[in-house]
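Taking the numbering used here, the leading residue of the sequence shown gets 7, the next gets one more, and so forth.
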Amino acid sequence: MADEIYDSGRRVWTSKGEEQEAAKKEFIDCLKLLEQELGDKPYFGGDNLGYVDVALVPFYTWFEAYEKFGNLNIEAECPKFIAWAKRCLQKESVSKSLPDQHKVYDFVVQMRKKFGIDVTNVASTTMVEKLNLPTVRHPRPYKLQWSNECGEIKVDKQVLVSFSIGKYCDEILCNVVPMHDGHILLGKPWELDRKAKKNRFTNRYSFVMNNKPVTLVPLTPEQIYEDQLNIKEEKDKRETAVFAVAAVVDSMWS
């Protein structure tokens, strides 16, 4: 049950439209099932905290974020569960071990900003420039703090990218962002368009395209290692080129 609460709760703040509505219903249904299990007991463990209580109470710290981004009133839907959570937090050993709800909400806000949620499809600036792909103006430019530690950047371009993964070929519209961790990131728009289903255990995506089943599997450890070596080699080449240019400029002024 904890996995179902986590997964549906995550989708409440990372999705919109029909997917979000489905996630909200799934989330509330999970809580109502737990209310039935709780019954009239003060805790799932009976008169005292038990294993289930300890496993479930951390989810309560996310509820503020779920309510604000999902337009939910969890207490109105599941008053018995909220009363249980507040009862748990009255115990000092519990309240001191959990993060503040406001801090968790702030974390979710930053995550949404960082990844441009509704987590967007992203194409590397380097790839776009090397392939000389034509770009268009982003209809709603925005700023975000990206993972290259290059400070705040402005996302104001989009590009239509054709790509293939094995026999799977597709075309997607991406936001253009400077990144060195990969060439393309497939986000929520792709996942929703393809109605892709993710197996959280195997980390595989499955969907149907052109009436044919498609399954995308993760890289093997060997492939990841080889890819990281290639990325490092490209980075070293760029740094060497920059050093060479700097040396030439320095010699000109010496």
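Note that the Cβ used here is the ideal one computed from N, Cα and C, for glycine as well. Here the structure is a predicted model, which means the values were calculated and not measured.
Closest by C-alpha distance to Met133, out of Pro145, Met185, Gln116, is Met185. Val183 is not a Cβ neighbour of Gln164, given a cutoff of 8 angstroms. Taking 8 angstroms as the cut-off, the Cβ atoms of Gly193 and Ser130 do not count as close.
The shortest CA-to-CA distance from Leu225 to any of Lys238, Lys218, Met215, Tyr211 is the one to Tyr211. The residue from Lys173, Ser21, Lys97, Val220 with its alpha-carbon nearest to that of Tyr72 is Ser21. Around Val114, the same chain offers Trp19, Ala71 as residues with beta carbons nearer than 6 angstroms, after the five sequence neighbours per side are excluded. Three or more beta-carbon pairs separated by less than 8 angstroms are not found between the region 47-62 and the region 25-35, which leaves the two stretches without contact. Look at Cys175 here: in three-state DSSP terms it is strand.
The shortest CA-to-CA distance from Gly76 to any of Tyr111, Ser101, Val63 is the one to Tyr111. Using a 10 angstroms sphere on the CB of Ile80, the tally of other CB atoms reaches 16 or more, which defines it as buried.
Judged by DSSP in its simplified three-state form, Ser168 adopts strand. Between the C-alpha atoms of Thr126 and Pro195 there is a straight-line separation of about 6 angstroms.
Between Ala91 and Tyr66, the CB-CB gap stays under 8 angstroms. Counting other Cβ atoms within 10 Å of its Cβ, Ala29 reaches 16 or more and is therefore classed as buried. The three-state secondary structure of Ser212, taken from DSSP, is strand. Here Val142 is exposed: its Cβ has fewer than 16 other Cβ atoms, across all protein chains shown, within 10 Å.
Secondary structure at Lys97: coil, using DSSP grouped into helix, strand and coil. Within its own chain, the residues whose Cβ lies closer than 8 angstroms to the Cβ of Ser101, once the five positions on either side in sequence are excluded, are Leu95, listed in chain order. Contact between Leu37 and Pro64 is ruled out by a C-beta separation of about 14 angstroms, above the 8 angstroms threshold.
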